[in-house]
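Asks: This structure is in structure tokens; I'll ask about it shortly.
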Amino acid sequence: MTASIRVDPLTGQKLFNTRAAKATEKIAGKGYSTVTDVSLKTLPDPPPGARFNAAEQARYRANKEARRGAADYMAMEGEFAKYLEDAYSAPPVARDKLIDECEILVIGAGFGALVLWYKLKAAGFTDVRFCEKGGDVGGTWYWNRYPGIACDVESYSYLPLLEEMGYYPSMKFASGFEILEYCQAMAERYGFYDRCLFHTTVERTTWDDDSAHWTIETDRGDRMRARYVVLANGILTTPKLARIEGMDTFAGKAFHTSRWDYTYDLARKRVGIIGTGATAVQVVPEIAKVVSELYVFQRTPSTIDVRDQRATTQEEIETWSREPGWAKARRERLATISSGRTALQGNDDFLAGRVTQLKQRKAYERPLSPEEMIRAQLNTNFRIMEQIRARVDAVVKDPATAAALKPYYPYGCKRPTFHDEYLPTFNLPHVHLIDTAPLGVSRITPKGVVHDGIEYELDTLIYATGFEWMATGTFNMIVGRDGRTLRNKWREEGVRTFLGMHSHGFPNLLIMSGPQGGGGQFNFTRGLDGHTDYVVWVLQLMKQRGAAAIDVKKDSEDTYARHCRDVDLMTAPLRDCLSYYNGDGKAEPGSLAYYGGPAKWHQLRTEAQASLEHYLFDHGPA
13 MTASIRVDPL
23 TGQKLFNTRA
33 AKATEKIAGK
43 GYSTVTDVSL
53 KTLPDPPPGA
63 RFNAAEQARY
73 RANKEARRGA
83 ADYMAMEGEF
93 AKYLEDAYSA
103 PPVARDKLID
113 ECEILVIGAG
123 FGALVLWYKL
133 KAAGFTDVRF
143 CEKGGDVGGT
153 WYWNRYPGIA
163 CDVESYSYLP
173 LLEEMGYYPS
183 MKFASGFEIL
193 EYCQAMAERY
203 GFYDRCLFHT
213 TVERTTWDDD
223 SAHWTIETDR
233 GDRMRARYVV
243 LANGILTTPK
253 LARIEGMDTF
263 AGKAFHTSRW
273 DYTYDLARKR
283 VGIIGTGATA
293 VQVVPEIAKV
303 VSELYVFQRT
313 PSTIDVRDQR
323 ATTQEEIETW
333 SREPGWAKAR
343 RERLATISSG
353 RTALQGNDDF
363 LAGRVTQLKQ
373 RKAYERPLSP
383 EEMIRAQLNT
393 NFRIMEQIRA
403 RVDAVVKDPA
413 TAAALKPYYP
423 YGCKRPTFHD
433 EYLPTFNLPH
443 VHLIDTAPLG
453 VSRITPKGVV
463 HDGIEYELDT
473 LIYATGFEWM
483 ATGTFNMIVG
493 RDGRTLRNKW
503 REEGVRTFLG
513 MHSHGFPNLL
523 IMSGPQGGGG
533 QFNFTRGLDG
543 HTDYVVWVLQ
553 LMKQRGAAAI
563 DVKKDSEDTY
573 ARHCRDVDLM
583 TAPLRDCLSY
593 YNGDGKAEPG
603 SLAYYGGPAK
613 WHQLRTEAQA
623 SLEHYLFDHG
633 PA
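The structure is reproduced here in structure tokens:
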């Protein structure tokens, strides 16, 4: 046995020392800076009488249909596998392969896994092991370390266990680097590092009915058995590339934003960035400060809302230190205003409990039908979009550039973004917006990028093309009863789960933040609270009943899947564009996120826990 694996003399359980050292010390930053110019932090009023109408709907659909011919996305394989290399840590720590057993094996080491470990440990479950393909904790915050990265939800509500950790974020919207360090601090405080096998990718997970155990095989030669397997590998874990002719011919430096190369100096370089989603909105203002020329290739404009970043005040810290439960209370108040942009900006007076209501809610003479509620939301969304479009005109000087930067779809149809430096960046003489709507760039050459017959010569090409949302690659390796993978089941039957947490035929498998997983909302970590609580409840229930395996009934699963489809179709007008929310227009309704709202999901979950009528218990081999 190597030094990387040792045995706890008190429990007999294996403890690990597989955390990899940093590969470079250049990975550092502050994320968003504060902006003092009030005009950049102000959203204009909407024009009088702004209401969504049929003409706007037709226009949105025309844009959507035009984009359907755009290049699709591809996995990073073959020539492009290099974009998946881990640039952030030293090579894997040498260790012996493990041929052994644990009670619970969790895949992932992001916030979901960290919070779950905290709760499992508190509930008395200690025979727990984690597998993580990266070299450290953090999940998306481990992989995403691009310049300017920061949280999109106020960090006082986003970061979990703040009170338990005695931690106060330095900024309202903490930088990704601060968040990563916070994850590391959580792991240190609660002994997570001793439980996690880093640089370890799970390749196959197979259920055995006779023993009521899973067998987990990894790329390190491990063959471990576990009673329970929990998928905590998140929803944005698999980077993707747009399929563009000639990508493999580019002679300059190229990398994906999820593998930012800080050993490469961008100073005085001609840089092109493909993609203008949430990542690029954060990256563009930062790299514009150092490059000689910046070409931003945009297929679809993002909604650029007000950020109004600020530092955490000493007064706030002193107040919170005297208020037990402050973080949870603030998180729950934020959840009550989950509709629209207000939730993502947050109102400090309301969130701090200084006022009881954020704003006067509109009263109706009678309860609205679901269709009427959707129409009312579309009207609200349209007014917001008019404000955002007016902001573009107010900030961007060149009329043609401003016109291209105006988003045309309903608010929230694509992931909303927030920034006070992105729009003014396009006023700089060396920053060029290349509008490639609706089909994207034509091709890539050894010298650069071609669009509309013009070749833009580049030294560096950065792909800001994001991640697969609700990626199902993980599910290819989950083999349940009858030798069928979870992926094949969903391909043949459509996505079928119960609460997004179970899938029939896959006993003792618990899925966090996967397809149909409700309880989620704009504040992702609040959704994780519901999922981790549920996992702990299942494990406690199994111990109480002395059961060996838990599954869900097929009828219960089918009913829940129909419900997911119904609420997806009902709310579809709010997502009338192509985005990762609907699988770029290819996903079957109800197959991705849960659109019934967190309150409804929690209701269904609570009813299921109370009745137990949806579960199948096996009291076979222990």
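In the numbering used here, the protein residues as written are 13 to 634.
Where is the CB? At the ideal position from N, CA and C, for every residue including glycine.
(1) Is it buried or exposed for Gln552, if we count other Cβ within 10 angstroms and need 16 for buried?
(2) Using the three-state DSSP reduction, which class does Arg232 fall into: helix, strand or coil?
(3) CA-CA distance, Ser45 and Ile299?
(4) Helix, strand or coil, according to DSSP, for Gln389 in the structure here?
(5) Can you tell me which of Ala449, Met397, Ile523 and Asn393 puts its alpha carbon nearest to the alpha carbon of Thr413?
(6) Closest by CA to Arg282, which one among Lys501, Glu625, Glu469 and Arg239?
(7) For Asp543, does the three-state DSSP call read helix, strand or coil?
(8) Give me whichever residues DSSP pairs with Gly284 in a beta bridge.
(9) Can we say the stretch 117-125 touches the stretch 137-144, given the rule of at least three CB pairs closer than 8 Å?
(10) Under 8 Å, do Ala292 and Ala416 count as touching if we go by C-beta distance?
(11) Mapping DSSP to helix, strand and coil, what is Ser270?
(12) Could you spell out the range, first to last residue, of the alpha helix (DSSP H) harbouring Ala416?
(13) With a CB to CB cut of under 8 Å and the five nearest residues on each side skipped, what residues in its chain are close to Glu467?
(14) Using 8 Å for Cβ pairs, my map puts Ser16 next to Arg107. What's the rounded Cβ distance?
(15) So, for Pro422: in the same chain, excluding its five sequence neighbours on each side, which residues have a beta-carbon less than 8 Å away from its beta-carbon?
(16) Quick check: the stretch 93-101 against the stretch 269-282, are at least 3 beta-carbon pairs closer than 8 Å?
(17) Just how far apart, CA to CA, sit Gly287 and His575?
(18) In terms of residues, what are the limits of the alpha helix (DSSP H) holding Thr583?
(19) Which residue wins for smallest C-alpha separation from Asp277, given the options Gln294, Val303 and Arg255?
(20) Applying the criterion that 16 or more other CB atoms from any shown protein chain within 10 Å of the CB defines a buried residue, is His543 buried or exposed?
(21) What is the DSSP secondary structure of Ile523, counted as helix, strand or coil?
(22) To which residues of the same chain is Arg427 closer than 6 Å at the C-beta, ignoring the five residues directly before and after it?
(23) In angstroms, rounded to a whole number, what distance separates the CA positions of Gly478 and Lys252?
(24) The beta strand (DSSP E) with Cys114 in it runs from where to where?
(25) Quick one: grab the DSSP three-state call for Gln25.
(26) Grab me the residues of Ile191's own chain with a C-beta within less than 6 Å of its C-beta, minus the 5 sequence neighbours each way, in chain order.
(27) Near Ala35, which residues of its chain fall below 7 Å by C-beta distance, leaving aside the five closest residues on each side in sequence?
(28) Below 8 Å, can you find three or more Cβ-Cβ pairs linking the stretch 180-191 to the stretch 222-231?
(29) Exposed or buried, what is Glu569 when buried is set at 16 or more other beta-carbons lying within 10 Å of its beta-carbon?
(30) Quick one, which of Leu171, Leu128 and Arg157 has its alpha-carbon nearest Glu37's?
(31) Under 8 Å, with one C-beta from each stretch per pair, do the stretch 310-330 and the stretch 491-499 reach the 3-pair mark?
(32) Just mark Arg18 as buried or exposed, buried being the case when its beta carbon has 16 or more other beta carbons within 10 Å.
(33) Along the chain, which unbroken stretches of the alpha helix (DSSP H) at least 4 residues long are found entirely within the stretch 172-251?
(34) Let's test the definition: count the other Cβ atoms within 10 Å of the Cβ of Pro59 and tell me whether it reaches 16, buried, or not, exposed.
(35) Can you grab the Cα-Cα spacing for the pair Asp494 / Ser623, in whole Å?
(36) How many Å lie between Leu55 and Gln399 at the Cα?
Replies: On the basis of the data shown:
(1) Exposed, since its Cβ has fewer than 16 Cβ neighbours within 10 Å.
(2) Three-state DSSP puts Arg232 in coil, outside helix and strand.
(3) Computed Cα separation, rounded: 14 Å.
(4) Per DSSP, reduced to three states, the secondary structure at Gln389 is helical.
(5) The closest CA to that of Thr413, considering only Ala449, Met397, Ile523 and Asn393, is found on Ala449.
(6) Minimum Cα-Cα distance from Arg282 among the listed residues Lys501, Glu625, Glu469 and Arg239 corresponds to Glu469.
(7) Rather than Asp, the amino acid found at residue 543 in this sequence is His. In this structure, His543 counts as helix in the three-state DSSP scheme.
(8) Per DSSP, Tyr307 and Leu473.
(9) As far as the Cβ criterion goes, the stretch 117-125 touches the stretch 137-144, which means the pair count is three or higher.
(10) No.
(11) When DSSP states are grouped into helix, strand and coil, Ser270 belongs to the helix group.
(12) Here the alpha helix (DSSP H) through Ala416 covers Pro411 to Leu417.
(13) Taking C-beta separations shorter than 8 Å and ignoring five residues to either side along the sequence, the partners of Glu467 in its chain run Thr457, Lys459, Gly460 and Val461, following chain order.
(14) Yes, they are in contact, since the Cβ atoms of Ser16 and Arg107 sit about 4 Å apart, within 8 Å.
(15) Close CB contacts of Pro422 within its chain, under the 8 Å cut and outside five residues either way in sequence, are with Phe64, Tyr72, Leu390, Asn393, Phe394, Met397, Pro585, Leu586, Arg587, Asp588 and Cys589 (chain order).
(16) The stretch 269-282, when compared against the stretch 93-101, does touch it at the 8 Å Cβ threshold.
(17) Distance between the alpha carbons of Gly287 and His575: 34 Å.
(18) Per DSSP, Thr583 belongs to the alpha helix (DSSP H) from Lys566 to Thr583.
(19) For Asp277, the nearest C-alpha among the options comes from Val303.
(20) Buried is the call here.
(21) Under the three-state reduction of DSSP output, Ile523 falls in the strand class.
(22) Contacts found: Ala290.
(23) Those two C-alpha atoms are separated by around 6 Å.
(24) Glu113 to Ile119 is the span of the beta strand (DSSP E), which, as asked, contains Cys114.
(25) Assigned with DSSP and collapsed to three states, Gln25 falls in coil, not helix or strand.
(26) Within its own chain, the residues whose Cβ lies closer than 6 Å to the Cβ of Ile191, once the five positions on either side in sequence are excluded, are Trp153, listed in chain order.
(27) A distance below 7 Å between beta-carbons, with the five flanking residues on each side excluded, links Ala35 to the following residues of its chain, in chain order: Ala99, Tyr100, Ser101 and Ala102.
(28) No, they do not touch.
(29) Label assigned to Glu569: buried.
(30) Of Leu171, Leu128 and Arg157, the residue nearest in Cα terms is Arg157.
(31) No, the stretch 310-330 is not in contact with the stretch 491-499.
(32) By the neighbour-count rule (16 or more Cβ atoms within 10 Å), Arg18 is not buried but exposed.
(33) Qualifying alpha helix (DSSP H) stretches, in chain order: 174-177 and 188-201.
(34) Result: exposed.
(35) Cα to Cα, Asp494 sits roughly 29 Å from Ser623.
(36) Our two residues, Leu55 and Gln399, have alpha carbons roughly 6 Å apart in a direct line.
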